[in-house]
Structure formats: C-alpha cells, structure tokens
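Below: the structure, in structure tokens.
In this note's numbering, the protein residues as written are 5 to 268.
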C-alpha cells in the first residue's frame, strides 16, 4: 500500500483502520484527499490482506465535508477537476467498495462528510457527535451525496434534514437511520474494532458477493426472474473454493481456512 499525505492507515489481522488525516482542517475533503481516497479504495479492494475497513477521522472531528477553499475555485477548473465531479466519483467508488466498510464518527460529520457516512455498511457514532446537511446554509445543495443518503435514510427523512440544514445529535441520527449504533466514544471505538474482527473471520469472497447481492436485489420486484437470479448465484457459489472449505470445516467441526485470492 502506497503512502498518503492526507490519509493514515494501519492494517492488522485483515482489518484496515483508515484515518482522514487533515485534523488542522477538521479533515475536510480537498482535491488531494479525494484522489487519495479513490486510490486507496481501488488498491484495498484487491488486497487480500484487507478484508474490512474502518473509516474514521484524526483529531476531534470526523469530517467537515468538502474543503470550501477548493470548492470555491470550481469555475476556474476544467470539469474533471471541479469538486462536484471529483466528489461524485469518490462517493460512487465508496458505495461500490466491495468489502465491509465501518464508519466511526466522532465530533461532527458535516455536509459532504455525510456522503462518507451514508456509504458505510455499519455506522457507529460517539454519543456527543453532531450531524448536519449544512449545504443550504452555504447556498449549496447536497447533490453528490444525495443518491447514497436517500438510499440509506429515505426521501422523507432527507427532506427534513437537507432542507433545514439543522444540526442533529447522535440519538437523532439513529432515529433518522444515519447511524446504526451510538454510545460513549471509547465504547464505540472498541465496538467498531470487535465488529471488524468478527467480519474478518468470514469468507472474504462471500462477503463481496453478499454486498453485490444486496445492491442487485434492493428495490427489485420479487418475480420469477429475480428468483432465478438468486438461485443461479447460490448455485455458482456452492462450487467455489470458499464454499467447499466453509462447509467442510463446519462438518468437521473446525475453523475454516479461507483460500487466499492473489492480489490483482
């Protein structure tokens, strides 16, 4: 894994902890951080040493959203370098990241940071954390994060939060389905790590297939074609190395040893 300037990471026992590392800017996402996050996601998605990612922020803040100094220069940049296009690509890559993603929120998650939150498979928040879709207070709209936020919390909740731009606490974030768990910060850190370790014990390729399955099935009409799709998927996976090892281990009452897929 390459070195980054705006990110820090640690990999241990198949769990990668990834820190947004611009604490002096409240971990706001600038062009460099967006590029480095995209690079990390591409590499980590193929790295067999990484099965689960915990995303968090350095310092007292999770993330202040997009860096306004970068975003305010958009009209002078070519389209591919404008913040809207860069952030849209980043959130799309994060949403389709093939491995389990745990988001750990401390301090606050503002504006575009909620795109990071909404793409998480599991979101754990410190009890004193704050959340806000602050774009309307800046003359902006939460455009690039909206597909992922609305998919997670629903259109009605999105209207209430995005139109007001109000700050909500972690308990309210639970009620709006922005967060899945909340508690004291140390408890959430421990819970995130324990969850990651639990996930890392599962068959890595099966977890990838599970994430794809959820994306493929969500919102689809339950009909014969969907039933055939799911039957074909299960049938194909039953013949995989992981399935053979997993079922054999269960029958033999031992822990599975998952085959390692070579790094691409």
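All residues carry an ideal CB built from backbone N, CA and C; glycine is no exception.
Residue nearest to residue i in terms of C-alpha spacing, selected from the options
{"i": "residue 142", "options": "79, 52, 69, 59", "result": "69"}
{"i": "residue 153", "options": "97, 94, 120", "result": "120"}
{"i": "residue 18", "options": "80, 202, 241", "result": "202"}
{"i": "residue 235", "options": "137, 261, 61, 221", "result": "221"}
{"i": "residue 146", "options": "88, 50, 229, 101", "result": "88"}
{"i": "residue 155", "options": "132, 125, 133, 167", "result": "125"}
{"i": "residue 169", "options": "257, 95, 116, 249", "result": "116"}
{"i": "residue 62", "options": "133, 204, 25, 250", "result": "25"}
{"i": "residue 134", "options": "38, 161, 177", "result": "177"}
{"i": "residue 67", "options": "179, 139, 161, 111", "result": "111"}
Helix, strand or coil at residue i according to DSSP, with G and I counted as helix
{"i": "residue 14", "result": "strand"}
{"i": "residue 234", "result": "helix"}
{"i": "residue 123", "result": "coil"}
{"i": "residue 194", "result": "helix"}
{"i": "residue 107", "result": "strand"}
{"i": "residue 5", "result": "coil"}
{"i": "residue 113", "result": "strand"}
Alpha carbon of residue i to alpha carbon of residue j, nearest angstrom
{"i": "residue 137", "j": "residue 195", "result": "26 angstroms"}
{"i": "residue 22", "j": "residue 13", "result": "4 angstroms"}
{"i": "residue 33", "j": "residue 228", "result": "44 angstroms"}
{"i": "residue 107", "j": "residue 207", "result": "21 angstroms"}
{"i": "residue 273", "j": "residue 259", "result": "What is shown of the chain runs 5 to 268, which leaves residue 273 out entirely."}
{"i": "residue 78", "j": "residue 38", "result": "15 angstroms"}
{"i": "residue 242", "j": "residue 248", "result": "7 angstroms"}
{"i": "residue 183", "j": "residue 230", "result": "30 angstroms"}
Bridge-paired residues (DSSP) for residue i
{"i": "residue 60", "result": "23"}
{"i": "residue 33", "result": "70"}
field: 3-residue-minimum beta strand (DSSP E) runs that sit fully inside the segment 128–214, ordered along the chain
entry: 134–136, 185–187
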